[in-house]
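Residue numbers (UniProt numbering): 1 to 362.
Where a beta carbon is used, it is the ideal one built from N, C-alpha and C, also for glycine.
The next block holds one structure in the form of structure tokens; read it before the comments.
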Amino acid sequence: MFMGVGVEAARMVPRHKPHPARCEFHQIYQLGDSISDTGNLIREPAGARTAFAHLPYGETFFRNATGRCSNGQLMIDFIASAVGLPFLSPYKTVEANFSSGANFAVAGSTALPAETLAKMKIVSPVTNSSLSIQLDWMSTHFNSTCNAAKQGCAGNLKNSLFMVGEIGGNDYNYALLQGKTTKQVKGMVPEVVSAVMRAVKTVIQLGGTRIVVPGNLPIGCLPIYLTAFQNNDPALYDENLCLSHLSSLARYHNHHLKQAIKTAKQEFPNVSIVYGDYYKAFQSLYKNAPQLGFDVTQRSCCGTGGKYNFNLINMCGGPNVPVCQDPSRHLSWDGIHLTEAAYKVMATWLMDNILPKLRCNS
1 MFMGVGVEAA RMVPRHKPHP ARCEFHQIYQ LGDSISDTGN LIREPAGART
51 AFAHLPYGET FFRNATGRCS NGQLMIDFIA SAVGLPFLSP YKTVEANFSS
101 GANFAVAGST ALPAETLAKM KIVSPVTNSS LSIQLDWMST HFNSTCNAAK
151 QGCAGNLKNS LFMVGEIGGN DYNYALLQGK TTKQVKGMVP EVVSAVMRAV
201 KTVIQLGGTR IVVPGNLPIG CLPIYLTAFQ NNDPALYDEN LCLSHLSSLA
251 RYHNHHLKQA IKTAKQEFPN VSIVYGDYYK AFQSLYKNAP QLGFDVTQRS
301 CCGTGGKYNF NLINMCGGPN VPVCQDPSRH LSWDGIHLTE AAYKVMATWL
351 MDNILPKLRC NS
């Protein structure tokens with residue numbers, strides 16, 4: 001059933017003219033987690049039993065669940081459409097058409113392997129398909145689709161866009177929600193960033209020349225964290241009523257990631273490596289929410305209970321969990337992920353920010 005939905009979704013998307021920055025990509029390849037997964041997790045045995053495999057996920061655009069962790073399209077869907085490509089097929093889709101790229105992202109995945117996290121006493125509860133596994137899939141895919149010679153693959157991929165992330169957010173999510181302190185989680189950042197940059201170098205070795213590496217969102221603004229770490233002390237919240245110490249953690253990760261990208265650009269001067277500023281994109285969305293038509297910024301659309309309409313024990317898709325009447329007025333879909341409307345605004349901001357930096361005409 002879900003395979004058919006993916007094919008139909010690709011047909012539903014009109015082929016738009018390329019973005020004004022004139023980035024005419026032939027393919028897009030996506031690595032990452034639930035911000036970008038278009039259906040890989042639900043094709044894993046355990047993933048098929050998750051809420052993402054059923055309505056109300058997907059209800060707004062697809063009228064059915066596709067495995068996307070939202071009510072409709074994700075940022076990668078809007079980006080693909082903007083450069084004139086159809087939606088990316090999940091890599092785990094049987095007999096999919098990968099001529100326009102492939103999506104290797106898996107909801108719940110981590111930058112560090114599950115075994116590495118286990119040594120830190122952190123459980124990866126959703127999937128073992130971490131970033132290194134996704135890179136193995138990508139390598140296998142290219143080995144089967146490119147010519148045997150290395151130059152054949154490099155030649156095919158010079159007009160491709162690679163999205164390496166967002167990835168790493170779940171490493172911190174699981175650590176925080178399993179009782180690690182912010183200080184302990186900050187100690188993980190160098191290793192997480194190193195894993196992301198190893199992925200970037202692998203993509204370059206495979207032939208990628210235009211790479212976007214997104215950072216983390218201001219997680220202190222998300223209902224899951226606002227609920228889990230709710231506190232009566234106003235000093236713990238910033239001017240947007242988000243938890244300061246958690247958004248500070250995201251900025252700490254992003255700073256290390258930007259520094260690592262700067263070093264990589266010096267090592268690979270002929271490759272365009274661009275930081276994807278999800279943090280600023282979300283900030284812009286958040287601060288301009290009323291003008292953009294959003295009047296609910298911190299309550300989940302799909303959820304139940306408490307100030308933020310979120311309950312970790314009974315989440316969106318669970319029994320008797322209601323869905324708001326108009327998701328387009330909400331930033332948060334399920335307390336963890338954003339609504340289609342929010343992702344659309346972020347994708348537009350990102351394309352305007354990222355595409356000119358990719359040296360598309362060089």
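{"Item": "CA-to-CA distance, Ser36 to Pro56, given in whole angstroms", "Value": "18 Å"}
{"Item": "Burial state of Ala118, where buried means 16 or more other Cβ atoms lie within 10 Å", "Value": "exposed"}
{"Item": "Whole-angstrom C-beta distance between Pro214 and Tyr278, which should lie under 8 Å", "Value": "5 Å"}
{"Item": "Segments assigned alpha helix (DSSP H), at least 4 residues, entirely inside the segment 134-170", "Value": "150-157"}
{"Item": "Cys146 versus Leu157: straight-line alpha-carbon distance, rounded", "Value": "9 Å"}
{"Item": "Residues bridged to Asn103 (per DSSP)", "Value": "Gln30, Pro90"}
{"Item": "At least three beta-carbon pairs within less than 8 Å, the segment 175-185 to the segment 322-341", "Value": "no"}
{"Item": "Ala195 classed as buried or exposed, judged by whether at least 16 other C-beta atoms fall within 10 angstroms", "Value": "buried"}
{"Item": "Chain-order list of residues whose beta-carbon lies under 7 Å from that of Leu112 (same chain, five-residue window excluded)", "Value": "Ser130, Asp171, Glu191, Val192, Ala195"}
{"Item": "Alpha-carbon to alpha-carbon, His26 and Ile273", "Value": "18 Å"}
{"Item": "Beta carbon of Phe310 nearer than 8 Å to that of Thr202", "Value": "no"}
{"Item": "Sequence-distant residues of its chain with Cβ nearer than 6 Å to Phe78 (five each side left out)", "Value": "Lys344, Ala347"}
{"Item": "Classification of His256 by the beta-carbon crowding that lies within 10 angstroms, buried from 16 upward", "Value": "buried"}
{"Item": "Under the three-state DSSP convention, the category Arg210 falls into", "Value": "strand"}
{"Item": "Cβ shell of Ala96 (< 6 Å), same chain only, five flanking positions each side left out", "Value": "Ser89"}
{"Item": "Sub-8 Å separation of Gln73 and Glu340 beta-carbons", "Value": "yes"}
{"Item": "Cβ neighbour criterion (16 or more within 10 Å) applied to Lys307", "Value": "exposed"}
{"Item": "Closer than 7 Å: Thr110 CB and nearest the ligand NAP heavy atom", "Value": "The ligand NAP is not among the ligands present in this structure, which contains no ligands whatsoever."}
{"Item": "Residues sharing a beta bridge with Cys221, DSSP", "Value": "According to DSSP, Cys221 bridges with nothing at all."}
{"Item": "First through last residue of the beta strand (DSSP E) which encompasses Val185", "Value": "Element bounds for Val185: not the beta strand (DSSP E) but the alpha helix (DSSP H), 182-186."}
{"Item": "Nearest residue (CA-CA) to Arg359, options Cys153, Ser160, Asn143, Leu331", "Value": "Ser160"}
{"Item": "Option in Asn288, Leu241, Leu217, Asn232 with minimal Cα separation from His253", "Value": "Leu217"}
{"Item": "Residue range of the alpha helix (DSSP H) that includes Tyr252", "Value": "244-267"}
{"Item": "Contacts around Ala289, its chain only, beta-carbon distance under 6 Å, and the 5 residues preceding and following it disregarded", "Value": "Thr297"}
{"Item": "Range of the contiguous beta strand (DSSP E) that encloses Ser109", "Value": "Counting along the chain, Ser109 falls outside any beta strand (DSSP E), and DSSP gives it neither H nor E."}
{"Item": "Per-residue burial, Lys121 [other beta carbons within 10 Å of its own, 16 or more giving buried]", "Value": "exposed"}
{"Item": "Local Cβ density within 10 Å of Val123, reported as buried at 16 or more and exposed below that", "Value": "exposed"}
{"Item": "Extent of the continuous alpha helix (DSSP H) run through Tyr343", "Value": "340-354"}
{"Item": "Neighbour-count burial assignment, Asp33, 16 or more Cβ in a 10 Å radius", "Value": "buried"}
{"Item": "Run of the alpha helix (DSSP H) containing Tyr286, from where it starts to where it stops", "Value": "278-287"}
{"Item": "Expected contact under 8 Å - CB spacing of Thr38 and Phe87 to nearest Å", "Value": "7 Å"}
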